[in-house]
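Single-structure report; data block below.
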Amino acid sequence: MTNQKPRIVILGAGYGGILTTVHLQKLLQSDEAEIILINKHDYHYQTTLLHEVAAGTGDENRICIPIKEVIDTQRIRFIKDTVLGVQKEERQVILSHSGTITYDYLVVALGFQPATFGIPGILEHALTIRSMNSARKIRNKIESLFADFARVKDVKESLTLIVGGAGFTGIEFVGELVERVSELCKKHEVDRQRVRLLNVEGGPGILGAFDPSLAAYAKESLQRMGVEFRLSTRIKSVDAQGAILATDQGEERISPATVIWTGGVQGNSVVCGTAFDAPRGRIPVEKDLRIKGYENVFVIGDCSAVMDPQTERPFPPTAQLAVMQSTTCARNLTSLIRGERSLEAFHPLMKGSVASIGAHDGAGVILGLKTRGKLAVLAKAIVDNRYLYILGGPKLLFGRGKFTMYCMQTAYTASSGGK
Numbered sequence: 109m110t111n112q113k114p115r116i117v118i119l120g121a122g123y124g125g126i127l128t129t130v131h132l133q134k135l136l137q138s139d140e141a142e143i144i145l146i147n148k149h150d151y152h153y154q155t156t157l158l159h160e161v162a163a164g165t166g167d168e169n170r171i172c173i174p175i176k177e178v179i180d181t182q183r184i185r186f187i188k189d190t191v192l193g194v195q196k197e198e199r200q201v202i203l204s205h206s207g208t209i210t211y212d213y214l215v216v217a218l219g220f221q222p223a224t225f226g227i228p229g230i231l232e233h234a235l236t237i238r239s240m241n242s243a244r245k246i247r248n249k250i251e252s253l254f255a256d257f258a259r260v261k262d263v264k265e266s267l268t269l270i271v272g273g274a275g276f277t278g279i280e281f282v283g284e285l286v287e288r289v290s291e292l293c294k295k296h297e298v299d300r301q302r303v304r305l306l307n308v309e310g311g312p313g314i315l316g317a318f319d320p321s322l323a324a325y326a327k328e329s330l331q332r333m334g335v336e337f338r339l340s341t342r343i344k345s346v347d348a349q350g351a352i353l354a355t356d357q358g359e360e361r362i363s364p365a366t367v368i369w370t371g372g373v374q375g376n377s378v379v380c381g382t383a384f385d386a387p388r389g390r391i392p393v394e395k396d397l398r399i400k401g402y403e404n405v406f407v408i409g410d411c412s413a414v415m416d417p418q419t420e421r422p423f424p425p426t427a428q429l430a431v432m433q434s435t436t437c438a439r440n441l442t443s444l445i446r447g448e449r450s451l452e453a454f455h456p457l458m459k460g461s462v463a464s465i466g467a468h469d470g471a472g473v474i475l476g477l478k479t480r481g482k483l484a485v486l487a488k489a490i491v492d493n494r495y496l497y498i499l500g501g502p503k504l505l506f507g508r509g510k511f512t513m514y515c516m517q518t519a520y521t522a523s524s525g526g527k
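According to the numbering used here, the sequence shown holds residues 109 to 527 in order.
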């Protein structure tokens with residue numbers, strides 16, 4: 109390569125990519141390496157809060173953070189462009205508008221895309237919570253559905269929303285959506301009894317990775333708010349009018365209905381299964397987060413498959429995992445730049461997780477302790493605050509004041525005898 113300093117190219121500004129960039133600008137001196145961050149948008153958004161935007165309960169400006177607010181533009185070269193592919197042998201990244209970028213070290217952090225499991229019609233007819241743009245699309249679609257339905261005078265007609273998947277994202281989205289449904293019914297003067305919200309899950313329960321008692325709590329809470337569950341039920345197909353559901357007992361067509369799919373994710377196909385082998389949609393990485401056979405390529409976030417030695421299966425692709433991977437990735441890149449042979453092994457210390465159930469309820473485990481109700485909401489807000497602090501320090505944290513104020517408000521409510 110022609111540049112004297114080794115070049116590090118980071119693909120994607122999600123949790124893993126943006127934090128790796130922030131860590132590197134602190135760890136490396138300006139004369140040690142050239143760092144390039146490539147992302148299709150000039151903002152970073154908190155993927156774990158997209159469900160709020162999709163449901164229409166969250167402010168998109170609250171979860172979007174301009175990239176140049178958190179990187180040192182004197183140290184980091186930011187390129188706003190779309191990655192079309194990686195030529196691994198040539199050590200080049202192909203971009204939509206900027207041609208090709210060569211690299212000495214590559215960090216693949218391009219995020220996820222929906223996993224459809226081969227279900228006909230999902231890609232063509234279902235809505236998916238994939239990005240800020242897709243979240244806006246869902247929000248606008250739901251709003252227009254209610255506006256149109258308000259003109260239907262036949263009381264036998266119903267407005268049906270089907271959420272496919274009862275994992276973490278599906279349940280959090282359903283929790284926000286059921287609250288939004290009540291608001292939209294009042295706004296458009298629609299009888300709430302004429303609106304159905306179905307959560308369809310192929311497994312026998314919701315939140316499969318959760319403690320059964322917490323999953324049961326979440327299910328009961330959502331049922332009280334008006335969510336109908338169809339468990340041990342598969343979405344067989346989706347079309348423009350609705351969906352066909354299937355159980356061991358038979359099939360049922362639900363039409364008209366709008367389907368929002370949250371049933372699974374896989375790594376971005378720009379790199380997963382194209383540039384690099386990706387069994388089950390994710391690229392296996394070694395303990396140091398590099399791809400076997402490619403000592404200059406790191407993969408983190410949703411594109412990576414990191415084995416859990418206890419279960420002998422990959423860790424679930426979560427924001428928490430990506431945040432921890434970014435630290436190890438940045439340290440190992442620093443070691444390589446400085447000519448050190450020994451790299452750090454990635455050993456994630458999972459602190460637990462909390463699923464929100466609407467704005468005022470939640471359930472989960474934090475540091476081994478089960479929590480539910482408003483204390484769970486408080487715990488989740490603290491986690492969100494902590495991320496903002498890691499990313500941008502006090503300035504970013506207090507600049508996103510709704511998080512801080514919400515923590516204070518929730519803490520006061522909880523200490524005053526709230527649920």
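Even glycine gets a Cβ: it sits at the ideal position worked out from N, Cα and C.
Practice problem: Under the assumption that I209 contacts V367 (Cβ atoms under 8 Å), give the Cβ distance between them as a whole number of angstroms. | Solution: Sequence index remark: in the sequence shown, residue 209 carries index 101 (1-based). Sequence index remark: in the sequence shown, residue 367 carries index 259 (1-based). Contact flag wrong, Cβ pair sits at about 38 Å.
Quiz prompt | Boundaries (first-last residue) of the alpha helix (DSSP H) holding N404 | solution = On the sequence shown, residue 404 is found 296 positions in, with the first residue counted as 1. From DSSP, N404 is part of no alpha helix (DSSP H) but of the beta strand (DSSP E) over 402-407.
Self-check item: Exposed unless 16 or more other CB atoms sit within 10 angstroms - verdict on A255
Solution: Position 147 of the sequence shown holds residue 255. Exposed, by the Cβ-count rule.
Self-check item: Burial state of Q374, where buried means 16 or more other Cβ atoms lie within 10 Å
Solution: The count along the sequence shown starts at 1 and reaches residue 374 at position 266. With a 10 Å radius around the Cβ and a threshold of 16 neighbouring Cβ atoms, Q374 comes out buried.
Quiz item: What runs of the beta strand (DSSP E), each 3 residues or longer, lie entirely inside the segment 410-488?
Solution: 460-464, 470-474, 477-480
Quiz item: Are L218 and L119 closer than 7 Å when you measure CB to CB?
Solution: Walking along the sequence shown from the start, residue 218 turns up at place 110. Walking along the sequence shown from the start, residue 119 turns up at place 11. It is a contact, given that the beta carbons lie within the stated cut-off.
Practice problem: Report yes or no: do three or more beta-carbon pairs, one from the segment 128-139 and one from the segment 431-439, lie closer than 8 Å? | Solution: yes
Quiz item: Three-state secondary structure (DSSP) at E360?
Solution: Within the sequence shown, residue 360 is the residue found at index 252, counting from 1. E360 falls in the strand class under three-state DSSP.
Quiz prompt | Closest by C-alpha distance to H149, when choosing among G283, L135, A326, D189 | solution = Translated into the one-based positions of the sequence shown, residue 149 becomes position 41. Out of G283, L135, A326, D189, D189 has the C-alpha closest to the C-alpha of H149.
Practice problem: Rank A467, G122, R446, V161 by C-alpha distance to the C-alpha of K249 and give the top, closest one. | Solution: As a position in the sequence shown, residue 249 is number 141, starting the count at 1. Nearest in C-alpha terms to K249, of all of A467, G122, R446, V161, is V161.
Quiz item: Per DSSP, which one or two residues make a beta bridge with V335?
Solution: Looking up residue 335 in the sequence shown gives position 227. DSSP, once it has assigned bridges, lists L305 as partnering V335.
Quiz item: Name the DSSP bridge partner or partners of V64?
Solution: Any question about residue 64 goes unanswered here, given that the chain covers just 109 to 527.
Practice problem: Give the secondary structure of Y211 by DSSP, where H, G and I count as helix, E and B as strand, and everything else as coil. | Solution: Locating residue 211 in the sequence shown gives position 103, where the first residue counts as 1. For Y211, the secondary structure class from DSSP, reduced to helix, strand or coil, is coil.
Quiz item: Where do the N-terminal and C-terminal ends of the alpha helix (DSSP H) with E158 fall, by residue?
Solution: Position 50 of the sequence shown holds residue 158. It is Leu, not Glu, that sits at residue 158 in the sequence shown. First-last of the alpha helix (DSSP H) with L158: 158-163.
Exercise. Would you tell me roughly how many angstroms separate the C-alpha atoms of I246 and I146, rounded to the nearest one?
Key: Against the sequence shown, residue 246 aligns to sequence position 138. Against the sequence shown, residue 146 aligns to sequence position 38. Approximately 27 Å, taken between the alpha carbons.
Exercise. Tell me R300's beta-bridge partners as DSSP assigns them.
Key: As a working mapping, residue 300 is identified with position 192 in the sequence shown. Answer is none; R300 lacks a bridge partner.
Practice problem: Let me know the secondary structure DSSP gives P320 once reduced to three states. | Solution: Your numbering for residue 320 matches position 212 in the sequence shown. P320 falls in the helix class under three-state DSSP.
Quiz item: Does DSSP put R185 in a helix, in a strand, or in coil?
Solution: The residue labelled residue 185 in the question sits at position 77 within the sequence shown. Note: R185 maps to strand in three-state DSSP.
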